Every structure is written in C-alpha cells, then in structure tokens.
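Going by the working numbering, the sequence shown opens with residue 7, and the numbers climb by one from there. Where a beta carbon is used, it is the ideal one built from N, C-alpha and C, also for glycine. Note that the coordinates shown come from a computational prediction; the quantities given were computed from them, not determined experimentally. Below: the structure, in structure tokens.
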Amino acid sequence: MLKERDKILEQLDDLLIQSTRGRGAIAAISGSTAIGKTTTLNALAERATSAGSTVLSVVSSPHEREVPYSALAQLLHSIEAQCTTADVPRAGGAGTVHAGRQADVAAALAPPGAQDDPLTVARRTYQIIAELTALRPLLITVDDIQHTDTATLTCLRYLAQRLTQLSLVLVFTHGISVDEQPARVLDDLLYRTSARHFHLEPLSRVDIMGLAASRLPVLPSDRLIVEIHRLSGGNPLLAQALIEEHRLRLASDSVAGPMPPQSDGIGRQSTTEGGASIGPAFYQAVLAYLHRLGPRAVRLARCVALLDEATTPLLLSRLSGIDTELLKRYIRLFTGMGVLEGARLRHAGVRQAVLGEMPHGEATQQRYRAARLLNEGGAPPQAVAMHLLGVGPLHDGWVLPVLQEAAAHAMEDGDVPQGIRYLELACECSLDEGQRLSTKSLYAFGQWQLRPAESAPHFRALKGPILEGKLTGTDALWVAEGMLFHLDFDEAVEVVDHVNSGEADMSTALHSTRMLMAAEVPGLLERLEHPLPATTAPATSHSELRARHALALILENGADKYAIALADQVFQGSQNWPTSKLSGLPKALLALCYADQLDTAAAWYDLLAAEVERHDAPGWWAQIESVGALLSLRRGRLADAVRQAETAHARLSGPRWNVSSALALTVLVEAHTAMGNHQTAAKYLETAEPPPALFLTRAGLHYLYARGRHHLATGNTYLALSDFQECGTLMRRWNIDTPSLAPWRLGEAEVWLRLGDREQAARLVEKQLTNSDAGLTRSRGMTLHALALVQATAKQPPILRDAFRLLEAAGARYEAARVLADLSRAYQQLGDKQARPTARRAWRLAKSCQAESLCQALLPTSMPQSMDTKPSEGSRGADRAGQDSFGTLSESERRVATLAAQGYANREIAERLFITVSTVEQHLTRVYRKMGIRNREQLLQGAHAVSYESV
C-alpha cells in the first residue's frame, strides 16, 4: 500500500482492536471520485477478516437510492452468506437459529418492505447486529454511503447511537457530492462527535514512485514520475493507467525497438515531452472516471470537448443545461483530477475519446446547438463553422455567411484544406444559385491553392454560368485567371471579353487582369475583342495589383526604378504574410529577378521560404519555389536551382501543362545543361511535347531559351539558332525585349560564332549593347562577355575584366566563372602569366556552381600548356607538400589562403573577410610557414593541387 493509506489503515486497525474490548466505533473515509476510498475499505476488510472479525459489506448505488431498504437488503444477505446456519441470530429473541430451521432463518433475515414501520425495522436490525457482535467482533463497511437510501441510513443511525454497547465498527466511504444535497439523516450519521474522519488526498510524487516501482520492470526516472504526477493530478486511477501505458511502451520497445513520438489519438500511444506514455488505457480510465461521477458529469465533459477552445462558463452552462454554480463545482472537480487545464480538456486524445463515445444523434444535435449559441454570442466564424461541419447541410439564413467568412479566414491563416471543407459545405447550404456559384468560384480558387495541377475542371465548369450572366464581377475574373494558368486560353478570352463588355464598373479589376496577362500571357492580349482598361496602381491598391504592375513594367522597360520600388514595397508592406498576400509575392520576386536585383530578391525569398511553411497552400508555395529556382539559377547556385525546381515541378505538374510548371521545367533544363547533365536535360525536354498555347506565355520564352542552350551545348547549333530566333521574334512582337528575361541575341551570337560567322555575331552583340539598360547589371555583364568574344584576342582581357566585375557585383557566379574561363584562355593565347591563376580561380568558381563541364574544360590536363606554365618536378613536389600541409591551416588562415589562391589582392581579401590588411599579411605569413613555401606563386601551385572546392 501507499504510505498515506498505510497510516489511515493503522488508525482504523486501532478502532478494530478497540471494538474487541466492547467499545464500538464509527469512521468515515472521504475523498474525490476514484481517489482510492474503495481500495482502502477493501484492505481494511481483509485485515479485519484476518483478525477474526466478521465483515459485512454494503455497496451503495445511485440507481437504488430511491428504493427503501435496498442497502439493508444487501446487509442482511451478507449476514446470511457470512454466518453458518447455527450462528444465524433470531430477529426477536436471544440465541441462534439451530440447524434444520431454514424457514425460520429465511424469515429472520427477510428484507423489510417499504410499508414497514422504520423504527420497528431499525430495532430489528439492531437486535440482529447485537447478537452477531456477541459471537465475535463485527465490521460493517458501506461504500459510497452518499448513495444509500434514506430508510437504510435511518437504521444505521440507530446503530451508531448505540455503538458503546456493541463490539462493532462502522466504516463508511463517501465521495464529494457535486450536484446533490445529502439527506439530513446522512449528516447526522457522518458528523457525530464520536466519528473519526479520514480524508484521502491525491497521491504524492513519492506515492507514485512507489506505485510505479512495484509495477514496472525498471526503476522509473524522477522526470517520468513528475510527468505522471502532473498528468494525473495525483488521481490513483489515472496514475495507474499512465504507469500501465509506460509498461506497455517498454514491452513494445524491447520487441520492436523505440517508437518515434506520435501525436495524440484515441487509438494510438503518444509520448509527452516529460517521457510519459498516453494511450487507450489512459483515455479509458478518464472515461471510467467520468461515468463514475454520473450522467451529468459525462454530459458536461462532452460539452467541454465539443466547445474546446471556444469554452466559456456561460456558454458551457447554456449548452449543457447545468446552472453556473453547479458548473463551477464540476470544473473544480475536473481540474483537481488533472483532466482540465483552464476550461479545456488537457489532452487531445481525451477529447477524442469523450467525443468518440457520444451517440451520433446527440453529437449532431449538440453541435448544432453549439454553433447557434456561438454565432449568437459573436464568436469568430471559424469557431462556429467547425461545429457546422459535424452537422451537415443546413438552410438557416445565418449558416451560409458564417461558412463563407470562415473559409476566407481559414485560407488567410494558411489552412487551405480547412477552408475548402467550409466551402464544400457552403455549396450544399446555398439555396440561391448566385450564392452557390460565387461559393464555387471561391472553391475553385481554394482547390488551385491546394492542388494546382488538378484544379482546371473547377474553373472550366464555371464558364457557362459566367457567359449566362449568373456569375459576375471579380468572381468571374478569378475564374478567367485560373483558366489562364491552365493554358485554357479560348475559354479565358471569352470570359474576359464578357466581363469587359458588361455595364458594371470593373476598371480596376480588369486592369489587374490586364497586368497579369501582360506579365504572364502577353501573346494573348492581341486576341481580346476589346482592349482592357489601363489605369494606375495606387499605393492603396492590393499587393497583387502592385506586384503585377511592377512585373509588367520591368518586362517592358527593364530596370525601371519605379517598378523596382513598387515590387520592394510589396514585401515591405507584407511582413508576417497572410495567405491572401502570397498571391503577389511570386510576381514581386520575378520583378526583382528580371531587374537583376538578385541579392535583394534572394534575401526576400529566404524570408518567404521560412514564412510560407506555416501556410498549407501548396499552390502559392510551389510558385514561390519555382521563382526561387530561377533566382538560384541566375546566381550560379545550380544544385539549389535543380532541387527547388524539382520540388516546384512535382507540385505543379499534372496531366496538362500550366504556366508555372513550364517555368520550373525550363529551370531544370537550363540548370542541368550548365552542370553538364545533358542526358537529364534531354529527358525533361522529351517528357511531353509543349502545347502551342505555351508559346503565348512568358514561360514559353524561357522554354525556347533553355532548349536553345541545351541544343547549343549538345552541338545542335541550327536547332539552337531556331529557338533563339523564335524567342526573339516573340519578345519583340510583345514589346518585352529585355535581356534579363531571355538574352536571345547573346545566345544567337554564340551560335554564329560556333558557325564561324563572327560578323553576324558582332552585329547581334552590338544591337544588344545599344539596347542594354545600365541598371541590368547581370545582363550588361553577359553582354560585355559576348562583346569580348567577337573582338580580337588582344582586345578581350579589359572587356572581360569589366564583364567579370559586373557579374561578380550582380552575384551571377556561373556567368562570372564563364568570363574567367575565357579570360584565362585569352591570357594563355597572349602568353600572359596570369593565365594559370585565372584558370584556377575560374575552376573554383565553376566548382562552387557545380558546373562540371566547365570545370573539366578548365582542368590543367585539358588546357594547352604554354612554355612558362609547364609544371616542373619542383612544382609537383610543392604540390605534394601543399597537399600534406594545407589541412594544418586554421579556418581563418584557410579562408585567406583560398582567396589569395584565387588571385585576390591583400586589400580585396581584407574587404571580403572584414579584417584589416595587416591581419591578412599575418595570416599569409603563417600560411607560407606551415606549407613550407616562400611566396604567393607557390601558394597558387599548392592550393591548385589540394582543393578546388572553396571560392
């Protein structure tokens, strides 16, 4: 037994000993439900039996409380079972009933009837008990005496008043009454001055440690005991259930190995942070506890489980039908047993268990009442809608607006699947066709956010109602924009023309659609029956419109300062982005990307990537990831570009092409081509034939350029020429001829150089240089690179150095590596000793981009060696020495040595590492000493042999 219980039993033993001397006693054991009162009472009965006492036990039940003498009948039956025939007393005289007089025995112990005089019954009972105590000491126990019928309590009170004359101990247990007023006779019985009172407190941590140690195969940790004590509130029933859960967990782990933590669920076991296991045994123990408290407690627990976070005392009282004062008592009781935390059930699994045993009809009715009460009380729409989902379609006037608003909030908060569930129910609750169609347009948009590749049918199904005038306004334009995403251009044009010809003032919404088309599907604008209105995008407009406007401006005008500021404003005004703001972010990112603001765009992308994880909106996330892939590609992070594009493509691709999956695919093709993975790039191109509609889109331009790069890299020069020229034709026709979108002239010039037509290549480069925007740093650097290649070798180095500085400033590492590669070749052809260090620097930069084909072209074994660059035996020895000693450098020394090996001057190294020039010199001195070399030239040789990995 537990220490506290042992002390109580020792004191009760004293009462038993006292009774053997003819001094009767009465004791009451109190405590909350399932605290261990019955266990203590049974332990006392065992001790009394062992000591030679007669034990008579009565268990009271609330179901028999109104049946007169029902408990007394148990007592008399107990006497009949306990005593032999020879020892059974007669109810009316001295002596005992002798053998053979079974009829007299039965008559003596027959339960009284309700019509019998109470005082007569009490006297008769006293006589029977008195005769029993004359034979041996007697213990009478009554469990849950608060449920004993009043007639029996009257008999017990009669006995208690005459205890001093009997060898009798009366021991009762009584629980804490929550919702019942005890009978006056019970108070008279329990609170007699001679009565001893024992109150069972919740188990202490020491008690739980003893209990766990006796039931677990290994000694539990203090951390586990603290957690069990916290979860159970010291309630023995719950504590034992938790200990059993842990025992089962240990047994399972010993057979199958440790299981990972799981979330709460009624059918599975989970592990808390404190190491305690919670599962079915614990949930069933809680249910058993609730049922022992009575039906009112069960009803209240179900209401608490239903309301969950929305629980308030007033609402709980109205839903359960329990008055507020009684409600407070129940809440104190539930809190004391460790089930409640505040006004909510502490464990999600307990909540599921309570709701799981609710009859379906009762659950539906209570959910409806909860929803109505919450709505009347001004609760948030989502709190109301959660209950409506469990009720089913309703046609009450207040239901549809609540569901629509809840869906909007859910999507705003990033829970798109939940928003879709609200909209599905809203469609079933709509009686008006206009309301139902408007809800369906929201539903189609929600499906796009959740499963973009599979959402096309939802948009196409609404074309008919739009053209019939049943679905109008912004709802119709949303549908059209969904069709544009899926390349359903004929349907989209019909819808846009229909809305544009309407009488309603839709100028702002139509201008937003125009900006989207100009940025995403510029080839479709000329197919519209009437031009869409062109207005400005005021600072107060939605971020989506501002982002579209910025993207369209940059595609048309290049690095437009106003457009860059507009795009940046979209991010600046969208910290802690709600889902509704996500729609503008991919376009704002693209605007910065096409403005060659790569570092700024990458910084915003990193913030977005961390933020968007809290949104369950795969459509927006995939769009953002595809733009992130394009950014990584342009920054020379080819492996990152592949990873991001693969993620986006997997989420966006489906049975049909769409504009975003096409962009992700083009990044994959271009990145794999740059990495030298030509077979992989070819597989992506061969996966499916692009539909003609793709070449009306901006993504189609990317596709042509990426395919042209692949053809050029694999020797298909004329196919490459065709792709670059077609790309240029479309860009000029659509008036978005900016090299930051697709530098088709540079690609075409590269083709003509391969074909030996330097003059044609030079004309293209000169044209590009004339049209170039000084603000497009990356694009201008690429143009200067192409310009150098059409010049004589002697003129190339200064132009290439200018190109490298621009590309390095833009953060375009792969393009910068290509420039350095051509610069090293120019130096080599001119016999300049800078050829080899420049090649090494180019190699490291290409290696950091994982551009393996470029790395192979730069390796010394594959480069023609000039007379002064042929390695000597001494230099090979220095290489081997460097390989042995490079690893001995500290991290700071290695960073300095790496940059020095790339050809940076001391001042440049100091600026890059944010240290002083003196510190650089000190590091280099230690590097030379550790590597056994004397100067920077030997460092270049040693570093080349050791590591091409760092940049």
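Just to confirm my understanding: we take Ser632, look at its own chain, exclude 5 residues before and 5 after, and list those with CB closer than 6 Å. What are they? Ala654, Ser666, Leu669, Ala670
Give me the DSSP bridge partner(s) of Glu347. Arg350
Are the segment 676-685 and the segment 637-649 touching, with three or more C-beta to C-beta distances below 8 Å? yes
Does the Cβ-Cβ distance between Leu826 and Leu851 come in under 8 Å? yes
Classify Phe920 as helix, strand or coil using the three-state DSSP reduction. coil
I need the boundaries of the alpha helix (DSSP H) containing Ala525, first residue and last residue. 513-526
On the three-state DSSP scale, how would you describe Gly101? Summary for Gly101: the model assigns pLDDT 46, below 50, so the residue's position carries little reliability, and this model does not support an answer.
Where does Gly181 fall in DSSP's three states? strand
Please classify Ser778: is it buried, with 16 or more other beta-carbons within 10 angstroms of its beta-carbon, or exposed? buried
Considering just the uninterrupted stretch of the alpha helix (DSSP H) at Ser667, what are its terminal residues? 665-681
Whose C-alpha, out of Asp566, Lys936, Ile35, is nearest the C-alpha of Tyr197? Ile35
Could you please give the first and the last residue of the uninterrupted alpha helix (DSSP H) stretch that includes Lys214? Looking at the sequence shown, residue 214 is not Lys but Ile. Counting along the chain, the alpha helix (DSSP H) containing Ile214 begins and ends at 211-221.
Give every residue of the same chain whose Cβ lies closer than 7 Å to the Cβ of Leu82, excluding the five residues on either side of it in the sequence, and list them in chain order. Leu115, Pro117
Give the single residue among Tyr690, Glu858, Gly475, Ala798 whose Cα lies nearest to the Cα of Val501. Gly475
Does DSSP put Ile146 in a helix, in a strand, or in coil? strand
What are the boundary residues of the beta strand (DSSP E) that Thr60 is part of? 60-65
State buried or exposed for Glu487, treating a residue as buried only when at least 16 other CB atoms are found within 10 Å of its CB. buried
Less than 7 Å between C-beta atoms, sequence neighbours within five positions excluded: which residues of the same chain meet that for Ala376? Leu312, Leu313, Leu325, His393
If we call anything under 8 Å between Cβ atoms a contact, is Arg533 one with Ala818? no
Just to check my reading of the structure: Val527 and Arg552 have Cβ atoms closer than 8 Å, yes? What is that Cβ distance to the nearest angstrom? Not really, about 19 Å apart at Cβ, beyond 8 Å.
Spell out a yes or no on whether the segment 687-694 and the segment 727-737 are touching, meaning 3 or more CB-CB pairs, one atom from each, closer than 8 Å. no
Can you name the residues that DSSP bridges to Ser962? Residue 962 is absent from the structure shown; the chain starts at 7 and stops at 957.
Ala359 versus Tyr289, Lys334, Gly342, residue with shortest Cα-Cα distance: Tyr289
Contact the segment 199-208 vs the segment 224-232: 3+ CB pairs below 8 Å: no
Restricting to runs no shorter than 4 residues, where is the alpha helix (DSSP H) found entirely within the segment 405-455? 405-418, 422-435
Same chain, Cβ closer than 6 Å to Gly98, neighbours up to 5 away in sequence not counted: Note that Gly98 scores 45 on pLDDT, short of 50, meaning its location in the model is unreliable and no value can be drawn from it.
Measure the CB-CB distance between Leu614 and Thr606 and report whether it falls below 8 Å. no
Chain-order list of residues whose beta-carbon lies under 7 Å from that of Glu927 (same chain, five-residue window excluded): Asn912
Taking just the CA atoms, how far does Tyr428 sit from Asp193? 55 Å
Taking the alpha helix (DSSP H) that Phe288 belongs to, which residues open and close that run? 286-299
Backbone CA spacing between Ile939 and Ser924 [nearest angstrom]: 20 Å
Reference Gly355; option with closest CA among Glu382, Ile14, Ser283, Asp329: Ser283
Segments of 4+ residues assigned as alpha helix (DSSP H) that fall wholly inside the segment 571-640: 585-588, 591-600, 604-617, 624-640
Would you call the CB atoms of Asp12 and Arg71 closer than 8 Å? no
So, are the CB atoms of Arg373 and Val390 less than 8 Å apart? no
Per-residue burial, Trp454 [other beta carbons within 10 Å of its own, 16 or more giving buried]: buried
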